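Q:
Numbering (the numbering used here), first residue to last: 117 to 718.
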């Protein structure tokens, strides 16, 4: 099987490291070629898989042996990282936003993903539509209502006049789920896309950082990076599965007016985990796609109904008010680290505002960026970096702000009328959405059912897409294993069940530590990715003007292998020419030089 010409690649939007079969479908690069090009073996993939699963097994083992010890350790660790790492995560989130601005306003923005001749595979409308869909998810459905209601009870910058408390509450929610959050996703996606399309790396994270290190250190560093990525994604998805299943259970209680116990909560986690497991085993891509499309339609219907039947006038008025507060206080929010309180020392993470808000949410964003990056990268070839940053940051952010203003604003309005809603939501944040829906006349009961179905749909698609992305990070397509995908889905499900069973009533606070444990290490990987990105750009100053990289980076393994192949081919051609001249054509019965597929060049 041979690759098409570069013109065909540009026309069909085929990745340089992919080939097409006779049907025109894109097939992965042959595994021998990819392994040689990337300088790694199947053994490395097995090491990553084994160590990642072993870490999860150790966590499960400790919890099963002594649940009390496990919960106490989680609390102590969360207190420690809140006190000593909050500043780091807040700083990293702001740096991601700053780099997005830098790329957008400088000549870096003229670089085109895939080279100057690369063409986007999707129109602006289709691209924005997919980014719109990416902007929705379990976290937004859960917190877009709970956070404004809880923030209405008090924020670090609450206005003295209670009339503006709702504006400030919504502004903080915009801050946590809109611009900075999507700046994190955009930066990770940008670094991966540049490595993939301009530096001819594969879609694993190791390729984005390993060139920073000496040749002998590349493989071990790459393995460590991939393990951190796998753990971050597993823990991030564990938090999403746990929180969403908990909220789904709350929805069932509201629909049927019953009180469910822990057994049913665990059953829902297992149910959704089983659906995701079957999906990755049978590869029901079409079914998941249909669920994703249904989620988008239901989301639009839901938010439209809330807007029409809810406090429409208040929503229209609070949008400009809350946006003005958001813009006015953006830098204060970006730099707030709760330094005085944390430097003085805290007895428990419960004594810190950051532990539940900026620190926790941005850790979640870093953990989720691992698989968001893969999807965004796949649909963005051919875009300039300026287009990329503008589309990936501001389109989903606009969706988040609109959703939060409508649904969260309705929650704030309900809290103004009934202060008890603040206390109930603070005690159980999963209640915020359904208390808000109950306050909507006429369609409140119907919307409760719709919201519960929506939550279930997002659970399935989030876990499924996360597991698929994890598999891509660990192994190239030719070496992916269905068995490992199933193991990943089972690990996520087992961890969510573990936190639910061992934490009991403190489940919501305890499971948040999973995403913190995943997000902090990955933030270091993102820093390394950023350093490598700017080194790549600086390596060839003409890159910015040409909008493309060399076929293979100078000094890279692939470039060296290509050079050696040409030398060997020239030597064989010379030998064959000599034999043909002195021994005759019949002497040419030896091997003939072939394409360097083993070396990975095309």
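Every residue, glycine too, gets a C-beta built ideally from N, C-alpha and C.
Keep in mind that this is a model prediction, so the values were computed, not measured.
Using the rule of at least 16 other Cβ atoms within 10 Å of the residue's Cβ for burial, across every protein chain shown, is residue 177 buried or exposed?
A: exposed
Q: Across which residues does DSSP place residue 228 in a beta bridge pair?
A: 500
Q: Kindly indicate which residue of 308, 394, 382 has the alpha-carbon position closest to the one of residue 642.
A: Of the candidates 308, 394, 382, 308 places its Cα closest to the Cα of residue 642.
Q: Determine, using beta carbons only, whether residue 532 and residue 282 come nearer to each other than 8 Å.
A: yes
Q: With 16 as the cutoff for other CB atoms within 10 Å, does residue 604 come out buried or exposed?
A: Flag for residue 604 reads buried.
Q: Count the other C-beta atoms from every protein chain shown that fall within 10 angstroms of the C-beta of residue 374, then say buried if there are 16 or more, exposed otherwise.
A: Under a 10 Å Cβ-count criterion, residue 374 is classified as exposed, with fewer than 16 other Cβ atoms of the shown protein chains found around its own Cβ.
Q: So with Cβ pairs under 8 Å, would you call residue 189 a contact of chain B?
A: Among the chains of the structure shown, chain B does not appear; only one protein chain is present.
Q: Once the 5 residues before and after residue 669 are set aside, which same chain residues still bring their CB inside 8 Å of it?
A: With a pLDDT of 49 at residue 669, under the threshold of 50, the modelled position of this residue cannot be trusted; read the value that follows with caution. For residue 669, where only same-chain residues beyond five positions count, the Cβ hits under 8 Å are 315, 316, 327, 652, 655, 675.
Q: Is residue 264 helix, strand or coil when you go by DSSP?
A: Secondary structure of residue 264 (DSSP, three-state): helix.
Q: Would the beta-carbon of residue 627 fall within 8 Å of that of residue 453?
A: Against a cut-off of 8 Å, the Cβ pair of residue 453 and residue 627 comes out as no contact.
Q: Could you work out which residue in 179, 358, 522 is closest to residue 421 when comparing CA atoms only?
A: Of the candidates 179, 358, 522, the residue whose Cα lies closest to the Cα of residue 421 is 522.
Q: CB-CB under 6 Å to residue 442, same chain, minus the five flanking residues each way: which ones, in chain order?
A: 287, 290
Q: Thinking C-beta only, is residue 305 closer than 8 Å to residue 488?
A: yes
Q: Leaving out five residues before and five after residue 553 in sequence, what residues of the same chain have Cβ atoms less than 7 Å from its Cβ?
A: Cβ neighbours of residue 553 beyond the five flanking positions: 560, 563, 564, 567.
Q: Is the beta carbon of residue 501 sitting closer than 8 Å to the one on residue 217?
A: Against a cut-off of 8 Å, the Cβ pair of residue 217 and residue 501 comes out as no contact.
Q: Report yes if the CB atom of residue 347 is closer than 8 Å to the CB atom of residue 634, and no otherwise.
A: yes
Q: What number of angstroms, rounded off, separates the C-alpha of residue 455 from the C-alpha of residue 201?
A: 11 Å
Q: Alpha carbon to alpha carbon, what distance is there between residue 418 and residue 425?
A: 11 Å
Q: Near residue 213, what residues of its chain come up, given a Cβ to Cβ distance below 6 Å and the 5 sequence neighbours on each side ignored?
A: 296, 299
Q: At a cut of 8 Å, does the region 320-336 reach the region 510-526 through at least three beta carbon pairs?
A: no
Q: Quick one: measure Cβ to Cβ for residue 495 and residue 199, integer angstroms, because I've assumed they're closer than 8 Å.
A: That pair is no contact at about 40 Å.
Q: Report the residue from 336, 551, 524 whose alpha carbon sits nearest the alpha carbon of residue 432.
A: 524
Q: Cα-Cα, which of 606, 435, 632 is closest to residue 285?
A: 435
Q: Assign residue 559 to one of three DSSP states: helix, strand, or coil.
A: Residue 559 carries a coil assignment under DSSP once its states are collapsed to helix, strand and coil.
Q: Compare the C-alpha of residue 512 against each of 229, 293, 280 and name the closest.
A: Nearest to residue 512 by C-alpha distance, out of 229, 293, 280, is 293.
Q: Please confirm whether residue 508 and residue 260 have their CB atoms less than 8 Å apart.
A: no
Q: Determine the extent of the alpha helix (DSSP H) in which residue 375 is found, giving its start and end residues.
A: Segment: none, residue 375 is in no alpha helix (DSSP H) and carries neither H nor E.
Q: Helix, strand or coil for residue 342 per DSSP?
A: helix
Q: Between which two residues does the alpha helix (DSSP H) carrying residue 430 extend?
A: 428-444
Q: Is it right to say residue 165 is buried, meaning 16 or more other beta carbons lie within 10 angstroms of its own, or is it exposed?
A: buried
Q: Do the region 357-373 and the region 538-555 make contact, defined as three or more Cβ pairs closer than 8 Å?
A: Three or more beta-carbon pairs drawn from the region 357-373 and the region 538-555 are found closer than 8 Å, and the two stretches are therefore classed as touching.
Q: Would you say residue 388 and residue 357 are within 8 Å of each other, going by their C-beta atoms?
A: yes
Q: What three-state label does DSSP hand residue 168 in the structure shown?
A: helix
Q: Can you tell me whether residue 601 is buried or exposed? The criterion is at least 16 other CB atoms within 10 Å of its CB, across all chains shown.
A: buried
Q: Where does residue 315 sit, in a helix, a strand or coil, going by DSSP?
A: coil
Q: Name the residue from 599, 353, 171, 480 whose alpha carbon lies nearest to the alpha carbon of residue 208.
A: 480
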